[in-house]
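One structure is given here, and the rest of the page talks about it.
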Amino acid sequence: MSSFSPEALPNRFDFAAAQPRIYAAWEAGKFFHAEPHPKREMFSIVIPPPNVTGALHLGHALNNTLQDIQIRMKRMQGFNTCWMPGTDHAGIATQAVVEKRIREEEGKTRHDLGREELVRRIWQWKDQYEARILSQLKQMGCSCDWERTRFTLDEGCSRAVRQTFFDLFSKGLIYRGKRLVNWDTFLQTAVSDDEVFQETVKGKFWHFRYPVVKGSGFGVQGSGMETRRVSEGKEPAFVEIATTRPETMLGDTAVAVHPDPAKALDKAEAELRERLAKAPAKEKEGIEQQIENIAKRRTEMLPLLLRLRDMALAGRKVLLPLMNREIPLICDEWARPELGTGCVKITPAHDPNDYAVWQRNPSIGLINILNPDGTLNENAGIYKGMTIAKARQRVVDDLDGHGLLGDVEDRDIELPHSDRSKTPIEPYLADQWFVKMGDGERVQGSGFRNQRRAGGVKWRAGGVSPLIIRPASRKWPWTPSPAAG
Amino acid sequence: MAMDAVTSGRVKIIPERYAKSYLDWLGEKRDWPVSRQLWWGHQIPVWTVTMQPSHEAIETLRVQEDELEKLLDECKKSARVSVRLDRQLYICVRDENDPIQKKLDELKWIKREQDVLDTWFSSALWPHSTFGWPDQTPELDYFYPTSVLITSRDIITLWVARMVLTGLNNMGEVPFRQVYIHPTILDAYGERMSKSKGNGVDPIDLIDKFGADSLRYGLAALTTETQDVRMPVQFECPHCQALMDQTKKNRELPKVPCAKCGQEFSTQWAKKPEDVALPRAAVVSERFEVARNFMNKLWNAARFALINLAGEGSGFRVQGSGEGGQRSEVGGQTTTRHSPLTTHHLDLTTEDRWILSRLSTVTQSVTESLEGFHYAEAAKTLYDFAWDEFCSFYVEIAKARLSESGTLAPRVTGQVENLSYETAQRVLAHTLDVLLRLLHPMMPFLTEEIWGLLNQVAPERGIDELVEPTQQIIIAPWPQPNLAHQDQEIEARFATFQAALAALREIRSRQNIASRQAIEFSIKCDAATAELLKPMAPYFQSMANAAATALGEKAIPPPTHAKTALASMEIYVDLKDFIDVKAEIAKNEQLEQKLLAIIKGKEAKLANESFVARAPANVVQAERDSLAQAQEQLASARAALATLRKA
Numbered sequence: 013m014s015s016f017s018p019e020a021l022p023n024r025f026d027f028a029a030a031q032p033r034i035y036a037a038w039e040a041g042k043f044f045h046a047e048p049h050p051k052r053e054m055f056s057i058v059i060p061p062p063n064v065t066g067a068l069h070l071g072h073a074l075n076n077t078l079q080d081i082q083i084r085m086k087r088m089q090g091f092n093t094c095w096m097p098g099t100d101h102a103g104i105a106t107q108a109v110v111e112k113r114i115r116e117e118e119g120k121t122r123h124d125l126g127r128e129e130l131v132r133r134i135w136q137w138k139d140q141y142e143a144r145i146l147s148q149l150k151q152m153g154c155s156c157d158w159e160r161t162r163f164t165l166d167e168g169c170s171r172a173v174r175q176t177f178f179d180l181f182s183k184g185l186i187y188r189g190k191r192l193v194n195w196d197t198f199l200q201t202a203v204s205d206d207e208v209f210q211e212t213v214k215g216k217f218w219h220f221r222y223p224v225v226k227g228s229g230f231g232v233q234g235s236g237m238e239t240r241r242v243s244e245g246k247e248p249a250f251v252e253i254a255t256t257r258p259e260t261m262l263g264d265t266a267v268a269v270h271p272d273p274a275k276a277l278d279k280a281e282a283e284l285r286e287r288l289a290k291a292p293a294k295e296k297e298g299i300e301q302q303i304e305n306i307a308k309r310r311t312e313m314l315p316l317l318l319r320l321r322d323m324a325l326a327g328r329k330v331l332l333p334l335m336n337r338e339i340p341l342i343c344d345e346w347a348r349p350e351l352g353t354g355c356v357k358i359t360p361a362h363d364p365n366d367y368a369v370w371q372r373n374p375s376i377g378l379i380n381i382l383n384p385d386g387t388l389n390e391n392a393g394i395y396k397g398m399t400i401a402k403a404r405q406r407v408v409d410d411l412d413g414h415g416l417l418g419d420v421e422d423r424d425i426e427l428p429h430s431d432r433s434k435t436p437i438e439p440y441l442a443d444q445w446f447v448k449m450g451d452g453e454r455v456q457g458s459g460f461r462n463q464r465r466a467g468g469v470k471w472r473a474g475g476v477s478p479l480i481i482r483p484a485s486r487k488w489p490w491t492p493s494p495a496a497g
Numbered sequence: 008m009a010m011d012a013v014t015s016g017r018v019k020i021i022p023e024r025y026a027k028s029y030l031d032w033l034g035e036k037r038d039w040p041v042s043r044q045l046w047w048g049h050q051i052p053v054w055t056v057t058m059q060p061s062h063e064a065i066e067t068l069r070v071q072e073d074e075l076e077k078l079l080d081e082c083k084k085s086a087r088v089s090v091r092l093d094r095q096l097y098i099c100v101r102d103e104n105d106p107i108q109k110k111l112d113e114l115k116w117i118k119r120e121q122d123v124l125d126t127w128f129s130s131a132l133w134p135h136s137t138f139g140w141p142d143q144t145p146e147l148d149y150f151y152p153t154s155v156l157i158t159s160r161d162i163i164t165l166w167v168a169r170m171v172l173t174g175l176n177n178m179g180e181v182p183f184r185q186v187y188i189h190p191t192i193l194d195a196y197g198e199r200m201s202k203s204k205g206n207g208v209d210p211i212d213l214i215d216k217f218g219a220d221s222l223r224y225g226l227a228a229l230t231t232e233t234q235d236v237r238m239p240v241q242f243e244c245p246h247c248q249a250l251m252d253q254t255k256k257n258r259e260l261p262k263v264p265c266a267k268c269g270q271e272f273s274t275q276w277a278k279k280p281e282d283v284a285l286p287r288a289a290v291v292s293e294r295f296e297v298a299r300n301f302m303n304k305l306w307n308a309a310r311f312a313l314i315n316l317a318g319e320g321s322g323f324r325v326q327g328s329g330e331g332g333q334r335s336e337v338g339g340q341t342t343t344r345h346s347p348l349t350t351h352h353l354d355l356t357t358e359d360r361w362i363l364s365r366l367s368t369v370t371q372s373v374t375e376s377l378e379g380f381h382y383a384e385a386a387k388t389l390y391d392f393a394w395d396e397f398c399s400f401y402v403e404i405a406k407a408r409l410s411e412s413g414t415l416a417p418r419v420t421g422q423v424e425n426l427s428y429e430t431a432q433r434v435l436a437h438t439l440d441v442l443l444r445l446l447h448p449m450m451p452f453l454t455e456e457i458w459g460l461l462n463q464v465a466p467e468r469g470i471d472e473l474v475e476p477t478q479q480i481i482i483a484p485w486p487q488p489n490l491a492h493q494d495q496e497i498e499a500r501f502a503t504f505q506a507a508l509a510a511l512r513e514i515r516s517r518q519n520i521a522s523r524q525a526i527e528f529s530i531k532c533d534a535a536t537a538e539l540l541k542p543m544a545p546y547f548q549s550m551a552n553a554a555a556t557a558l559g560e561k562a563i564p565p566p567t568h569a570k571t572a573l574a575s576m577e578i579y580v581d582l583k584d585f586i587d588v589k590a591e592i593a594k595n596e597q598l599e600q601k602l603l604a605i606i607k608g609k610e611a612k613l614a615n616e617s618f619v620a621r622a623p624a625n626v627v628q629a630e631r632d633s634l635a636q637a638q639e640q641l642a643s644a645r646a647a648l649a650t651l652r653k654a
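Protein sequences, first through last, are from chains B and V. Be aware that the first sequence starts at 13, since it is given in my numbering, and climbs by one per residue. Be aware that the second sequence starts at 8, since it is given in my numbering, and climbs by one per residue.
Below you can see the structure in the form of structure tokens.
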């Protein structure tokens, strides 16, 4: 082409032909690359690294278009612009996708492959998808400084991670502890609150009866407790509780009643009356009904709850059916006299609220009944090895067989699900590493002792030096594990 | 400290309302669980000696005590190893290649932690790790803290806050000066887009269909200050290309019949062979069609400009395009020479001064919008200017100047025409040049393509001085608003003129008057508006083939006219040449008779006492209203007859 004739231009912009040609010319011109230049003012952006899980979606297109608009304007304004590109290894998201594919294509699990091989496979995946993502960004016209492309798991990022972890560890800001976590039984890992979504499912509310153990505790043996008895009437033979998760009863370690049920009912009523005063007309009827219900409870249920409270104070026990384990009646405000039977089963290792009850009443102990894969473990007795669903059915059937099953109500239940595997989340007790956020921002250097945020359990996260722990006798403070393995 | 960074303004969060979720989350100070029972990630660099071993293991451990002592002594000497007893004995090693790590790995009674770190741990370091930290690199020194972070609101706590925390801890400095939080795109039903719902729009599909510039412009135009933006989604029928709204129902079907052509197409859910065999409909949004139309409008305006700038004797040399592959450096050589024609000599017409004034105002406005992250505002300003003012107006007017006597070549008969021609070319080239630069960040490919072509036909551009442009627009300097060009009066004059012109065109189309037929019109308006419009007479002539007979407070409507009322003026187009007076009189007389008959009937009915007494009140009232209406119509028909008879 020696001379150019505008009349010969097509009447539509042939973008498909122009885009790759123009982009190649920009790259050849090195217009995207920036080097530090002390005399020029800089403008820099780091890309929010897209996950190497798959392809870019419209949200990425928006995010990157907006960045490129700033970068291009600033470049034209004369700034020395650097847009740092890269991708994120996206731990759980990527591993879940690759594991799923290997399962579908080869019928193998990660344990069949082993750690090294799985990681090798994911690196292969990463290479493929990283290339795809970067090419999509280029198709969009993004003017990133491609020579600098990074990956959150590359050598430099790995050094930065270890340096930071080491620094926080040395400052005593990293500790290890058991905590109830959101457990994904499918992927067999803890997931953060942000990786959990709630879904309403149809479920049931099962009522069970736990037999009261006769002659347990110190109250009936004529101790001082007896004289403080304020409740009247015949002692109940059973305590009734209700649950949406029958199988967790295998890990119950207590049944709780409210320490002052009369006051709790008064308080609930006062709150309802306050709401009634402010409520719009159409809601009033419902609230009035609840107030009536409380009045009814005061006459029909309160004596029993007072009686159970006294039994709890007297150290009485109930027999956990199916497991034939005696568990204490305890007083705790988590039990709500205005709801259900007024008594709650306590399963500290499988429910966050019950876990908090255990933190207030540590002597009841906690029993984990789950394996990491969501089947029941040896603590579940004859139910060992069953899935949660199967164990649930069996527990209900067996309690029915013993005549201990009460009403069964239909309920809509808000159930947490894992965002990655879309399976229900199990609250699960696991050892985890934590970064201290509380006073962490100010703590420098040596270790510290601090109250943990919730529950008031003393947590020692001390940077104790090996010099201090070394006893004079040169004997190490080994303590044999109660349940080794 | 991380909270202070935001409250003190060292990190500015835009829009400001998002600072709250950031501060609330940091205020909670919840410890961060960082371990994940995965294999893909940064394995935690901690080795553990259990302090609660089994009985058998204790025996082994007792034997190892001396070895452990020695190891710990070695650890103690190293600044890169940290040891802590916290129920268990933990040893943390900083460097991957530290010989101690190898030793620890070899000892059977010491176990390396199997868990990896939460993926957000490494992303929290991103702004400094990517520039070289923990090394003190020149990049880290120069580019950190970064200028701005652009992200979405769902990761303010997961990511943004943690980057500030680690930045302060590792660098002693915030990671960015500004954080811009952009909206989340939802579909027409307010739901997040996802492949699993079938409402996900693939950006690569959009690029294939509409071009990358349309995608980018469409997205920028969507970016308002709101929290979420709704984007209705359509199937594009693969048979007839019609767009069909996606509904919650049809987006879940494996195949859907097109609402227009009736033929079936498949969706992402097609599984059965007979469904898969159907052509697949792409999921698109008409938002990008608007953007594509804009892109084509710009292309055609540019094409017109290029054709007219390439004319001989234009003062612009036509350049060969053989050197397209060369490149120039950022801020590279641009030569400047003063035009033989100064602005004064350029003899700018009213429309030239107007477009230059608008160009300056728009340059200022777009720069401010983009610097403040008001993307939608910038997109709209550019769209309105490019489409309504530059393409539909300036280029239209310029057409007349550039093709006098029907040829594209300039007439060389007299100096005046020649000057006007060259001036028009100069202004046209300059306006296109600045518009392209303003559009470049949003539409990089289109603007780069046109820039290259413009460079060939107009290798030197400018108004006050001629400048040789950069070879590529990507490195062209950002336009500076020329404040001397801003003229509020001329902008007001054109705004009023544009409104009147639109009204005249609307009346033409309403009355079915062809554009080649000249029309006469009058405008009733205040004196100030009349002053603004008076100099525009030639433009009414050239752009609407319309001649003003009267402007001002005293303008009287012609006997037969069509009227449009605007906020500050009433516009009358004289219809005397476009209607048959006799026929109109006959038509109105007929109407008069018909109305008289209706009125008579209704009056009789309402005079009937038994009807008025027995019929329901609303029926009676309806009858009365309809009588009143007929009487009004009669009055109007008679008034029309009166004027028609005078004509």
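A virtual CB, placed ideally from N, CA and C, is assigned to each residue, including glycine. Just so it is clear, the structure is predicted and the values come from calculations on it, not from any experiment.
Could you give the DSSP three-state label for M449 of chain B: helix, strand or coil? In the structure shown, the three-state DSSP call for M449 of chain B is coil.
Would you say H437 of chain V reaches chain B, if we count a Cβ-Cβ gap shorter than 8 Å as a contact? For H437 of chain V, the answer is no, since every Cβ of chain B falls outside 8 Å of its Cβ.
For a cutoff of 8 Å on Cβ pairs, would you count Q82 of chain B as touching chain V? Yes - at least one Cβ of chain V is within 8 Å of the one on Q82 of chain B.
Helix, strand or coil: which one does DSSP assign to F178 of chain B? Assignment of F178 of chain B by DSSP, reduced to helix, strand and coil, places it in the helix class.
Span of the beta strand (DSSP E), counted from its first residue to its last, around Y196 of chain V: Counting along the chain, Y196 of chain V falls outside any beta strand (DSSP E), and DSSP gives it neither H nor E.
Give me the Cα-Cα distance between Y35 of chain B and R87 of chain B, rounded to the nearest whole angstrom. If I take the Cα positions, the gap works out to 16 Å.
Inter-stretch contact (C-beta, 8 Å, three-pair minimum) for the segment 369-376 of chain V and the segment 214-228 of chain V: The segment 369-376 of chain V, when compared against the segment 214-228 of chain V, does not touch it at the 8 Å Cβ threshold.
Below 9 Å on C-beta distance, what does G386 of chain B contact in chain A? The structure shown contains no chain A; its protein chains are B and V.
Strictly below 7 Å CB to CB, what residues from chain V border I134 of chain B? Against I134 of chain B, the close residues of chain V are W47, in the order they occur along the chain (beta-carbon pairs closer than 7 Å).
Contact with chain B by G179 of chain V, beta-carbon distance below 8 Å: Chain B contact via Cβ: absent.
Is it the case that the Cβ atoms of G207 of chain V and V283 of chain V are separated by a distance below 8 Å? No.
Cutting at 8 Å between CB atoms, please list the residues of its own chain near H246 of chain V, excluding the five before and the five after it. By the criterion of a C-beta distance shorter than 8 Å, H246 of chain V is surrounded in its chain by C265, C268, Q270, F272 and P286, once the five residues flanking it on both sides are discounted.
Reducing DSSP to helix, strand and coil, say where G327 of chain B ends up. Under the three-state reduction of DSSP output, G327 of chain B falls in the coil class, being neither helix nor strand.
Using a beta-carbon distance cut-off of less than 7 Å, what residues from the segment 355-384 of chain V approach chain B? For chain B, the residues of the segment 355-384 of chain V that bring a beta carbon within less than 7 Å of one of its beta carbons are L377 and Y382, in chain order.
Considering only the beta carbon of each residue, do W218 of chain B and A276 of chain B sit closer than 8 Å? For W218 of chain B and A276 of chain B, no; Cβs fall outside 8 Å.
Which residues DSSP lists as bridging F618 of chain V, in chain order: Beta-bridge pairing by DSSP links F618 of chain V to no other residue.
Using the Cα positions of S328 of chain V and T161 of chain B, report the straight-line distance between them to the nearest angstrom. Note that S328 of chain V scores 36 on pLDDT, short of 50, meaning its location in the model is unreliable; the coordinates nonetheless yield the value given after this. When rounded, the distance between both Cα atoms is 35 Å.
Using C-beta distances below 6 Å, list every residue in its chain close to C94 of chain B, excluding the 5 sequence neighbours before and after it, in chain order. The residues are A46, S56 and D157.
If you measure beta-carbon to beta-carbon, which residues of the segment 445-479 of chain V are closer than 8 Å to chain B? Residues are counted here when their Cβ sits less than 8 Å from a Cβ of chain B; for the segment 445-479 of chain V these are H447, P448, M449, P451, F452, L453, E455, E456, L460, Q463, V464 and Q479, given in chain order.
Considering only the alpha carbon of each residue, which of V:V155, V:A637 and V:G139 lies closest to D148 of chain V? Among V:V155, V:A637 and V:G139, the Cα nearest to that of D148 of chain V is on V:G139.
Since Y440 of chain B contacts L192 of chain B with CB under 8 Å, what's their CB separation in whole angstroms? The C-beta separation of Y440 of chain B from L192 of chain B comes to about 7 Å, placing the pair in contact by the 8 Å criterion.
Beta carbon of F585 of chain V nearer than 8 Å to that of T556 of chain V: No. Outside cutoff.
Considering D93 of chain V, what are the terminal residues of the beta strand (DSSP E) in which it resides? Segment V88 to D93, the beta strand (DSSP E) holding D93 of chain V.
What number of angstroms, rounded off, separates the C-alpha of D363 of chain B from the C-alpha of V369 of chain B? Cα to Cα, D363 of chain B sits roughly 10 Å from V369 of chain B.
Determine whether the beta carbon atoms of V267 of chain B and V251 of chain B lie at a separation below 8 Å. The criterion of a C-beta distance shorter than 8 Å is satisfied by V267 of chain B and V251 of chain B.
Output needed for R188 of chain B: all residues of its chain with C-beta closer than 8 Å, excluding positions within five of it in sequence on either side, in chain order. Non-local beta-carbon contacts of R188 of chain B in its own chain, meaning distances under 8 Å to residues more than five positions away in sequence, involve D443, Q444, W445 and F446 in chain order.
Sequence ranges, alpha helix (DSSP H) only - wholly within the segment 132-205 of chain B, length at least 4: Those alpha helix (DSSP H) runs which fall completely within the segment 132-205 of chain B and span 4+ residues are 167-182.
I'd like to confirm the pairing. Which residues does DSSP put opposite I253 of chain B in its beta bridges? I253 of chain B has B:F220 as its beta-bridge partners, per DSSP.
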